[in-house]
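Peer 1:
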Amino acid sequence: MLQTKKYKLAFTAWWLLWCMLHIYVLYNYYAFFSIVIVDSVITNVLTSGACLLIYNNMRYYLPRREKYWYVLIVSAVLSVMCTGIATFLLHWLFQRNESYIALLYGSWLIRYCVVFLLIGCMSMLSLLWYALQEQNEIQYRKTAAEQMLKDAELYKLRHQLQPHFLFNSLNSISALTIVDAEKARTMIQQLSDFLRGTLKRDEVQFITLQEELQHLQLYLDIEKVRFGHRLEVKVDYTEVSAEKKLPALLLQPAVENAIKFGLYNTLDETEIVITATATDNTLVVHISNPYDEEDLQAVTGTGFGLASIRRRLYLLFGRYDLLETIKADQTFTVKLTIPQLNL
Amino acid sequence: MKVVIIDDEPLARSIVTAYLNAYPVFEVIAECNNGFEGVKIIQQYNPDLIFLDIQMPKINGFEMLELLDEPPAVIFTTAFDEYAMKAFETHAIDYLLKPFSKERFDKAIQKFISQHNVAAKQQPAKALLETVASSPNQSNRVVVKDGNKIKIIPVAQIQYFEAADDYVKIYTAEGDFLKNKTMTSFEKLLPSQQFVRIHRSYIVNVQLISRIDAYEKESHIMQLTTGAKLPVSKSGYAKLKEVLGI
Chain A
0 MLQTKKYKLA FTAWWLLWCM LHIYVLYNYY AFFSIVIVDS VITNVLTSGA
50 CLLIYNNMRY YLPRREKYWY VLIVSAVLSV MCTGIATFLL HWLFQRNESY
100 IALLYGSWLI RYCVVFLLIG CMSMLSLLWY ALQEQNEIQY RKTAAEQMLK
150 DAELYKLRHQ LQPHFLFNSL NSISALTIVD AEKARTMIQQ LSDFLRGTLK
200 RDEVQFITLQ EELQHLQLYL DIEKVRFGHR LEVKVDYTEV SAEKKLPALL
250 LQPAVENAIK FGLYNTLDET EIVITATATD NTLVVHISNP YDEEDLQAVT
300 GTGFGLASIR RRLYLLFGRY DLLETIKADQ TFTVKLTIPQ LNL
Chain B
0 MKVVIIDDEP LARSIVTAYL NAYPVFEVIA ECNNGFEGVK IIQQYNPDLI
50 FLDIQMPKIN GFEMLELLDE PPAVIFTTAF DEYAMKAFET HAIDYLLKPF
100 SKERFDKAIQ KFISQHNVAA KQQPAKALLE TVASSPNQSN RVVVKDGNKI
150 KIIPVAQIQY FEAADDYVKI YTAEGDFLKN KTMTSFEKLL PSQQFVRIHR
200 SYIVNVQLIS RIDAYEKESH IMQLTTGAKL PVSKSGYAKL KEVLGI
């Protein structure tokens, strides 16, 4: 704290004030003003020197909690040294003044106590100061690290491209080149648009539902080429909800999940229904797919996709209750609630 | 030679058919949408070679193979399966990673032809299935044949396994089923905290144990909540003690 001018000034002012107090008190007992001044200066210069010493030392060595008694001992020893040297100097300076010498020795205990209190206070203050600074430093580093982790995690959560999806799509394109080159080109187009969309979403955190659904449509179109007859998707949203914002690519894993359990895991046709409604401050999206109650995977786990959505919503809004799953009548529904933060 | 293609994506099947056109020897006698159809068709036509996808609805490619008494030669076609990769390398005729080129496909066919000439009928090694069994969704269910039907049993519903010659008998509340697999492979596959090999011939679901009594010197008898009594060997008892924490 003594680095800045302000603190240096405060430190000096405090000691000047203390000197005056010393003079005032001593002057009540002893009438020689010049001697009293010398006494005050010598004692307080020594004491303030000891305080500075302690303060500077603690910058390099900060005792831990279990070693706090250390500070007490050091303060006591320094106080003995201060009082001793001051007494020795004053004795040597005024040795012929018997009444003063008597006063000097008569007051050693009170002098020692005062010096010890001052030095003790100073060391305690320094201790607190440095401990607080260290704490702040740790806290700062922790927050910074957490922020970095959060960013990295969000980045990763946005970026879960399913390799399975990609390779199977490429395989479909490969097959289409033999039977229908025109369709193959269309699918390459769709796949490119989809991948580009996934990459582009890097910069923006929040997009409108409309944009998200457009991106999703590309994905669904590709899946339709792959599974054609078996996949039916119904998208239903209100005009108000279309303009609401949501984290980019949030719906993707939920729809992937619906397809995984609804389509990959059933033998018949599958209808996936996506509906969106909105109020002033929330957007609610339902994604539902048929599921087989006997299917073990569907019953036991909600899967990584949903876990990643829940995690992402938590990182962004600090709430765990924004994703709900409902199982009823052979239909599995994911309900996503997205608060609108006046964006 | 008779070929069956099993894949849940029509386009993926069509590419195999197209590549196979170059080989008049091979005749695609059927295309199947999933493992259930696959089992039926294979039993009906007894093909020489099958092209098999792994990720399919309900039961995957490996589980389908497990259901066959005499599996034909297999070439796997898959997009991405990190668990299966190692097993392929050692035991399958070949595996094709989607999308695959005509050249790569031809190589797989050559491999099949050369192996086919050596052995009259390629036996897809049991070892393949045993190694592949480590894929994650296989450790929580067992697929068995029940007459003509195929049944998927969640492992939590299994009471115990009993060795029966070349088979393993699986006991559940709905009855018992035979499975062409070894006790050791089940022991490796099942979650070790839930299933313990208590005896050379028995693996038990520890959640169903109701009591364990000393029997003769160094052996015990276990009673399940279902009433069944099973012998416990000395080493089996040691394993039990570890899992149950007694």
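Heads up: the sequence lines are chains A and B, in that order. So in numbering that gives the first Met the number 0, spot 277 of the first sequence is number 276, and the numbers just go up one at a time. So in numbering that gives the first Met the number 0, spot 224 of the second sequence is number 223, and the numbers just go up one at a time. For every residue, glycine included, the Cβ atom is placed at its ideal position computed from N, Cα and C.
Three-state secondary structure (DSSP) at Asp220(A)?
Peer 2: Helix.
Peer 1: Would you say Ser173(A) reaches chain B, if we count a Cβ-Cβ gap shorter than 7 Å as a contact?
Peer 2: Yes, contact with chain B.
Peer 1: Measure the beta-carbon distance from Leu96(B) to Ile74(B) and round it to whole angstroms, keeping in mind my assumption that it falls under 8 Å.
Peer 2: Incorrect: roughly 12 Å between the Cβ atoms, too far for contact.
Peer 1: Is the beta carbon of Ile325(A) sitting closer than 7 Å to the one on Leu282(A)?
Peer 2: No, the Cβ-Cβ distance between Ile325(A) and Leu282(A) is not below 7 Å.
Peer 1: Could you say which of Glu65(B), Ile149(B), Thr183(B), Gly146(B) lies nearest to Phe160(B) if we only look at CA atoms?
Peer 2: When only C-alpha atoms are compared, the closest one is Thr183(B).
Peer 1: Do we get a CB-CB distance below 7 Å when we pair Tyr218(A) with the residues of chain B?
Peer 2: No, Tyr218(A) does not count as interfacial toward chain B.
Peer 1: For the segment 185-197 of chain A against the segment 20-32 of chain B, do three or more pairs of beta-carbon atoms, one drawn from each stretch, fall closer than 8 Å, so that the two count as touching?
Peer 2: The answer is no - the segment 20-32 of chain B does not touch the segment 185-197 of chain A, with fewer than three Cβ pairs under 8 Å.
Peer 1: Under the rule that 16 or more other beta-carbon atoms within 10 Å means buried, what is Thr86(A), buried or exposed?
Peer 2: Buried: at least 16 other Cβ atoms inside 10 Å.
Peer 1: Relative to the C-alpha of Val2(B), which candidate in Ala237(B), Ile41(B), Ala78(B), Ser113(B) has its C-alpha closest?
Peer 2: Ranking the options by Cα distance to Val2(B), first place goes to Ile41(B).
Peer 1: My guess is that Leu165(A) and Ala253(A) are in contact by the Cβ rule of under 8 Å, so how many angstroms apart are they, rounded?
Peer 2: The Cβ separation is near 19 Å, so there is no contact.
Peer 1: Can you tell me whether His219(B) is buried or exposed, with buried defined as 16 or more other CB within 10 angstroms of its CB?
Peer 2: Its Cβ being crowded by 16 or more others within 10 Å, His219(B) is buried.
Peer 1: Give me the chain B residues within the contact set of Phe331(A), using Cβ-Cβ distance strictly less than 9 Å, ordered along the chain.
Peer 2: None at all; the shortest Cβ gap to chain B is about 15 Å.
Peer 1: Excluding sequence positions up to five away, which residues of its chain have a Cβ less than 7 Å from the Cβ of Leu45(A)?
Peer 2: Same-chain partners within the cutoff: Cys81, Ile84, Ala85.
Peer 1: Quick check on DSSP: helix, strand or coil for Ala85(A)?
Peer 2: In the structure shown, Ala85(A) sits in a helix (DSSP, three-state: H, G or I).
Peer 1: Taking the continuous beta strand (DSSP E) assigned at Val2(B), which residues delimit it?
Peer 2: Residues 1-5.
Peer 1: Please list the residues of the segment 168-185 of chain B that have a C-beta atom closer than 7 Å to any C-beta atom in chain A, keeping them in chain order.
Peer 2: From the segment 168-185 of chain B, no residue has a Cβ closer than 7 Å to chain A.
Peer 1: Quick check on this structure: which residue in Gln339(A), Arg310(A), Thr269(A), Leu305(A) has the alpha carbon closest to the alpha carbon of Thr330(A)?
Peer 2: The shortest Cα separation from Thr330(A) among Gln339(A), Arg310(A), Thr269(A), Leu305(A) belongs to Thr269(A).
Peer 1: On the three-state DSSP scale, how would you describe Leu338(A)?
Peer 2: This sequence places Pro at residue 338(A); Leu is not what is there. Of the three classes helix, strand and coil, the one that applies to Pro338(A) here is strand, per DSSP.
Peer 1: Got a sec, what are the start and stop residues for the beta strand (DSSP E) Glu161(B) sits in?
Peer 2: Where Glu161(B) is concerned, the enclosing beta strand (DSSP E) stretches over 157-163.
Peer 1: So Thr274(A) and Lys243(A) are supposed to be a Cβ contact under 8 Å. How far apart are they, rounded?
Peer 2: Contact doesn't hold; Cβ gap of about 13 Å is too wide.
Peer 1: Can you pull the chain A residues whose beta carbon is under 7 Å from the beta carbon of Ala29(B), in chain order?
Peer 2: Per Cβ cutoff of 7 Å: no residues; Ala29(B) is ~16 Å from chain A at best.
Peer 1: Are there 16 or more other CB atoms within 10 angstroms of the CB of Leu16(A), so buried, or fewer, so exposed?
Peer 2: The residue in question, Leu16(A), is exposed, as its Cβ has fewer than 16 Cβ neighbours within 10 Å.
Peer 1: Cβ of Lys228(B) less than 7 Å from any chain A Cβ?
Peer 2: No, Lys228(B) lies away from the interface with chain A (no Cβ there is under 7 Å from its Cβ).
Peer 1: So, at 8 Å on beta carbons, what are the nonlocal neighbours of Pro62(A) in its own chain, with the 5 sequence-adjacent residues on each side left out?
Peer 2: Closer than 8 Å at Cβ, skipping near neighbours: Tyr69, Val70, Leu126.
Peer 1: DSSP state of Lys148(B), grouped into three classes?
Peer 2: Residue state, collapsed to three classes: strand.
Peer 1: With DSSP collapsed to three states, give me the class of Ser13(B).
Peer 2: In the structure shown, Ser13(B) sits in a helix (DSSP, three-state: H, G or I).
Peer 1: Using a Cβ cut-off of 8 Å, pull out every chain A residue sitting near Ser13(B), in sequence order please.
Peer 2: The answer, in chain order, is Ala174, Ile177, Val178.
Peer 1: Flag Arg184(A) as yes if its beta-carbon sits less than 7 Å from any beta-carbon of chain B, otherwise no.
Peer 2: By this cut-off, Arg184(A) is not an interface position.
Peer 1: List the endpoints of the continuous beta strand (DSSP E) containing Ala30(A).
Peer 2: It is not in any beta strand (DSSP E) - Ala30(A) carries neither H nor E in the DSSP assignment.
Peer 1: Just curious, the beta strand (DSSP E) that Gly174(B) is in, first and last residue?
Peer 2: 174-178 is the extent of the beta strand (DSSP E) around Gly174(B).
Peer 1: Beta-carbon within less than 8 Å of Ile176(B)'s beta-carbon, same chain only, minus the 5 sequence neighbours each way: which residues are those?
Peer 2: For the record, residue 176(B) in the displayed sequence is Phe; it is not Ile. Cβ within range, chain order: Val143, Lys144, Asp145, Lys150, Ile152, Lys168, Ile169.
Peer 1: Pick from Leu245(A), Leu266(A), Asp38(A), Arg184(A): whose alpha carbon is nearest that of Tyr23(A)?
Peer 2: Residue Asp38(A) is the option with its Cα nearest to Tyr23(A).
Peer 1: In terms of DSSP beta bridges, what is Met221(B) paired with?
Peer 2: DSSP, once it has assigned bridges, lists Ile211(B), Leu229(B) as partnering Met221(B).
Peer 1: Return the CA-CA distance between Asn27(A) and Asn56(A), expressed in angstroms with no decimal places.
Peer 2: In a straight line, the C-alpha of Asn27(A) is about 37 Å away from that of Asn56(A).
Peer 1: So the candidates are Gln43(B), Leu229(B), Thr224(B), Lys180(B); which of them puts its Cα closest to the Cα of Phe329(B)?
Peer 2: No answer is possible for residue 329(B): the residues shown for chain B start at 0 and end at 245.
Peer 1: Please confirm if Leu190(A) has its CB atom under 7 Å from at least one CB of chain B.
Peer 2: Chain B contact via Cβ: absent.
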